[in-house]
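Here the structure comes first, spelled out in structure tokens, and everything after it is commentary.
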Amino acid sequence: MLPECLPPMLSWHEFVEAATASPTIDAPGSRETGTDWPGATWEEALRLAVDGWPVALEEAGITVDELRAGAGLGHQVTELEPSWDVTGSEVDIGAYLSGVPECMVDALPRQVSRRGKVVTFLIPAAYSNRIAHDVIINRGLALVTLCAAIIDAGHSVEIWSGFTGTFTIAREKLRTHAVARVISAGEPLDVGRLIFGVAHPAMLRRLWFGVWDAQPAAVAQTVNDHNFGIACDCRPDDLPAEVTDPYVFPYLTEQDRQWDDLPTALDWAKGLFGELGLIQH
Numbered sequence: 002m003l004p005e006c007l008p009p010m011l012s013w014h015e016f017v018e019a020a021t022a023s024p025t026i027d028a029p030g031s032r033e034t035g036t037d038w039p040g041a042t043w044e045e046a047l048r049l050a051v052d053g054w055p056v057a058l059e060e061a062g063i064t065v066d067e068l069r070a071g072a073g074l075g076h077q078v079t080e081l082e083p084s085w086d087v088t089g090s091e092v093d094i095g096a097y098l099s100g101v102p103e104c105m106v107d108a109l110p111r112q113v114s115r116r117g118k119v120v121t122f123l124i125p126a127a128y129s130n131r132i133a134h135d136v137i138i139n140r141g142l143a144l145v146t147l148c149a150a151i152i153d154a155g156h157s158v159e160i161w162s163g164f165t166g167t168f169t170i171a172r173e174k175l176r177t178h179a180v181a182r183v184i185s186a187g188e189p190l191d192v193g194r195l196i197f198g199v200a201h202p203a204m205l206r207r208l209w210f211g212v213w214d215a216q217p218a219a220v221a222q223t224v225n226d227h228n229f230g231i232a233c234d235c236r237p238d239d240l241p242a243e244v245t246d247p248y249v250f251p252y253l254t255e256q257d258r259q260w261d262d263l264p265t266a267l268d269w270a271k272g273l274f275g276e277l278g279l280i281q282h
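Its first residue numbered 2, the sequence shown is counted upward by one per residue in this note's numbering.
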């Protein structure tokens, strides 16, 4: 019987260790030959997991700053906050009548966050085996752009990757899931790691498969026999209990059109930036 979930992997290092543990079966899916589908050999995937994957930007001849500017995500979020002093533009009548010297009020701009200081994303790592590489890459670059813009606006981001699939065994439908933290809140944004973690096909088709290939043999064999399951949505409660108010991305389907090209993906990023309350019109 499959476990409903694996223990959360709380750091990138922990995830890579779990993915590279020795397989427990003779023909692990993560080590299959050929690169057309996974996008990299097993050895190349391990190198990218350690060194990152900036090549997606280099090949396009662009930088994260250019992506962000192209998406129009350079806005700071501000609110006017009252400040009391002995001078100011308006009188606080109550303070004045009470004899408080600091009875004058000015409205000062202050950067704020409408979701708190940390914006948490849960990104489904599983998707149909027919999803094309460029679709995966465009979605990933849009997410990287969004994260860079959020950080520039004075907030923090935390990125989780989630593997979620359904399996039908003995006529019973099972949902199983696992999550791994790619970027922790407050740490410097490792763009190369983030691009690999959310934009490279080998993140799923090599490393996440590697995590399942290293489970107890009966589990690993069942997962392989069912082609690693059918992708389904992640849920907020897939994350550890202490992670609150995450934004959960829908998993990739063949019907999604917002990732067909990079400009369309960046328009999506701009829309979500506003939806999250991080942009003020």
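The beta carbon of each residue, even a glycine, is placed where N, CA and C say it ideally should be.
Continuous alpha helix (DSSP H) stretch holding residue i: start and end
i      : result
GLY141 : 134-153
PHE16  : 13-20
LEU263 : 263-276
GLU103 : It is not in any alpha helix (DSSP H) - GLU103 carries neither H nor E in the DSSP assignment.
VAL212 : 210-214
Collapsed DSSP secondary structure at residue i in the structure displayed
i      : result
ASP86  : strand
SER157 : strand
ALA242 : coil
THR223 : helix
PRO189 : coil
SER91  : According to the sequence as given, residue 91 is Glu; it is not Ser. The answer is strand: DSSP assigns GLU91 an E or B state.
HIS76  : With a pLDDT of 45 at HIS76, under the threshold of 50, the modelled position of this residue cannot be trusted, and the question is left open.
ALA50  : helix
ALA127 : coil
CYS6   : strand
SER31  : helix
VAL232 : What sits at residue 232 in the sequence shown is Ala, not Val. It is a strand residue.
Distance, residue j Cα to residue i Cα
i      : j      : result
LEU142 : THR167 : 28 Å
PRO24  : GLU18  : 12 Å
GLY40  : PHE16  : 20 Å
TRP260 : ILE151 : 20 Å
ASP239 : VAL180 : 7 Å
LEU190 : GLY155 : 13 Å
LEU144 : GLU91  : 44 Å
ARG194 : PHE250 : 19 Å
PRO9   : THR245 : 15 Å
GLY211 : ASP107 : 59 Å
GLN256 : ILE124 : 18 Å
HIS1   : ILE170 : Because the chain in this structure spans residues 2 to 282, residue 1 falls outside the shown range and cannot be described.
GLU33  : LYS118 : 42 Å
PRO264 : PRO217 : 44 Å
VAL199 : ALA219 : 29 Å
LEU3   : ASP153 : 42 Å
TRP209 : GLY35  : 17 Å
ALA270 : VAL136 : 15 Å
VAL192 : PRO102 : 51 Å
SER157 : GLU243 : 16 Å
ASP27  : LEU277 : 46 Å
GLY275 : ASP37  : 37 Å
Residue i and residue j closer than 7 Å at C-beta
i      : j      : result
SER162 : ALA126 : yes
ASP214 : ALA203 : no
TRP54  : ILE196 : yes
TYR248 : TYR128 : no
MET105 : GLY95  : no
THR165 : GLU5   : no
ARG236 : TRP43  : no
ASN130 : ALA266 : no
ALA12  : ARG182 : Residue identity check: residue 12 is Ser in the sequence provided, not Ala. Yes, they are a contact pair.
GLU159 : ALA133 : no
The beta strand (DSSP E) enclosing residue i, as first and last residue numbers
i      : result
ILE196 : Careful: ILE196 lies outside any beta strand (DSSP E), inside the alpha helix (DSSP H) at 192-200.
ALA181 : 173-184
Distance cut-off 6 Å: residue i Cβ against heavy atoms of the ligand COA
i      : result
HIS156 : Absence of the ligand COA from the depicted structure is noted, as is the absence of any ligand whatsoever, leaving it without description.
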